[in-house]
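Student: Counting in this note's numbering, the sequence shown runs without a single skipped number right up to 606 at its last residue.
Yeah, the Cβ is synthetic: ideal placement off N, Cα and C, and Gly gets one too.
These numbers come from a predicted model, not from an experiment.
Let me give you the structure first, and then I'll get to my questions.
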Amino acid sequence: MDEFTTLLVQVMASLGLLTFGFSLRERDIGVLMIWVGMLCLLGIVLYKILVRIGA
């Protein structure tokens, strides 16, 4: 898989976690899924920024 496909799969998985976590937000597992989804998305963004600036 090329870099774009890998990034797309990671973003879709993160958005899936956010979606299912939001639907289960009354339970503890739903809140955890929202946290993990947000951290994954922030990690992807930070990684792309670091790659772009050459760090």
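Using the Cα positions of L597 and S565, report the straight-line distance between them to the nearest angstrom.
Tutor: So the two alpha carbons sit approximately 14 Å from each other.
Student: Assign M584 to one of two classes, buried (16 or more other C-beta atoms within 10 Å of its C-beta) or exposed (fewer than that).
Tutor: Per the 10 Å Cβ criterion, buried.
Student: Would the beta-carbon of I595 fall within 8 Å of that of L569?
Tutor: No, the Cβ-Cβ distance between I595 and L569 is not below 8 Å.
Student: Under the three-state reduction of DSSP, which class applies to E554: helix, strand or coil?
Tutor: E554: helix per DSSP, three-state reduction.
Student: With C-beta atoms as the reference, is L575 less than 8 Å away from G567?
Tutor: Not in contact: L575 and G567 (Cβ atoms no closer than 8 Å).
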